[in-house]
Structure formats: structure tokens, C-alpha cells
Amino acid sequence: GPTKLRIVLDIDIHQSDLDEEGIDISIRCGRGRIPGRVSVKLFEEWCFPIASPALANTIGSGRPERLLDYPLIHDSDASGWRAWFGEQGIDYRPRPQDRRFEDYNLVLAAAAHGLGVALARPPLTASQIEAGRIMAVDDKRVRNPVSYWMDRPVGRPRPAATELARRIGDAAGLDPQAVEEFLQAER
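In terms of this note's numbering, the sequence shown opens at residue -11 and continues consecutively.
Pasting the structure below:
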């Protein structure tokens, strides 16, 4: 069977210094490569507006501007909403009635409790949609400006980190050649 690996998860909203903290592989949500690291994009998200079933029924279907009649919920980065509205030809800026949470799980909980409209970030929202806690309020989708990345420190990765990177790449559906280039890259 596959090689057994010891994996220590350190979940943080702050960017870690991989070398200083002895981190072999890092998964992050962000905007591109970070200097001093070797990076490969794992996948992107295609976002769409969601709300509780009761609020979604109140909102109904129609023009995208209708969503601006309700509080918009986002995490610490409102760029997803700017991108979604931008695709509809609307200039969006966060407003006082909008609600911001540092953690996306809180965003989903707030949407499920009818506090406003959030953006679905598949696959993070799939189980909530399947359970009927939230539902789509518009079928227009937009690529999230932030993507998921796998990073490693510069230098040759350890064998266990190489194996883990290959497994993560496989699970994310990356081309194996892209993973090998990530593992062989010097910068």
C-alpha cells in the first residue's frame, strides 16, 4: 500500500515562514506565488450567490442588482463579491449593512441563519447545499480571484514531503507533470 506519512496540520489565517517553522508542504488560499517559496496552483473556485432557503425565496430571481437590497456576507476579503458584481457590470464596494467574518465557516452559518447573501465557494459549500441549509439565489458564476495553492520551501523536498505533494496533487486533479515540476523547481 501507500507509504505511511506523519502529517501535522497547523491551520492558521496568517502566512507562515515555511523554513523557520520547519513546514515541508503548505496549502493556502491566496493570489499567486509568494516570494521565497515554490508554488503550484491546486484549483480555482467558481462562486455563486447563496442564502437560506427562506431568504432565497424572498429574493427570488431577476436582475443581479436585487441582491444589493440585502446585506452581503463575506470573509475578510470582499474581492469575490467585487468579481461577481463586476461580471454583471456593477461596481460593488462593501457597505455598512454588509457583514464581514474572518472565517468562512461563520460566513456559511450567517447565510444559513438568514443574515444575508453569501458567495458559495465550492467544494466548501457542497454539504450545506445538499443538507438544504443554503441554496443558490442566482445561477451566474464567477471565478474567485483567490485560488488554492500548494507551497514548499526552496530546496530539495524530503522524501515524505515529495510523497505527500504527489498525493495532494492527485486528489486535486493536477497533471502529474505539474506536480513533478513543482517538486523539481529550485524557485
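The C-beta atom is built at its ideal place from N, Cα and C for all residues, glycine as well.
CB-CB length for residue i against residue j, believed under 8 angstroms
i    : j     : result
I22  : D139  : 7 angstroms
R87  : I61   : 5 angstroms
A149 : I(-5) : Wrong, their Cβ atoms sit about 10 angstroms apart, outside the cutoff.
E118 : I1    : The Cβ separation is near 27 angstroms, so there is no contact.
A99  : P82   : Contact flag wrong, Cβ pair sits at about 16 angstroms.
Residues bridged to residue i [DSSP beta-bridge criterion]
i    : result
E36  : Strictly speaking, residue 36 in this sequence is Phe, with Glu absent from that position. In the DSSP output, where bridge partners are listed per residue, F36 has A108.
Y136 : C17, F31
L60  : V105
A124 : I38
P141 : R25
V130 : C35
CA nearest to the CA of residue i, picked from the options
i    : options          : result
S64  : L56, Y92, P141   : Y92
P181 : L152, A173, E168 : A query on residue 181 cannot be resolved here, the shown segment of the chain reaching from -11 to 175 and no further.
C-beta atoms of residue i and residue j nearer than 8 angstroms
i    : j   : result
P52  : Q85 : no
I15  : S4  : no
P147 : D7  : no
Cβ contact check for the segment 29 to 39 and the segment 123 to 137: 3 or more pairs under 8 angstroms
In this structure the segment 29 to 39 lies against the segment 123 to 137, because at least three pairs of beta carbons, one per stretch, are closer than 8 angstroms.
Should the segment 156 to 165 be called in touch with the segment 14 to 30, which here means at least 3 C-beta pairs below 8 angstroms?
Taking 8 angstroms as the limit for Cβ pairs, the verdict is that the segment 14 to 30 does touch the segment 156 to 165.
Cβ pair count under 8 angstroms reaching 3, the segment 110 to 129 against the segment 36 to 44:
Touching, per the Cβ criterion.
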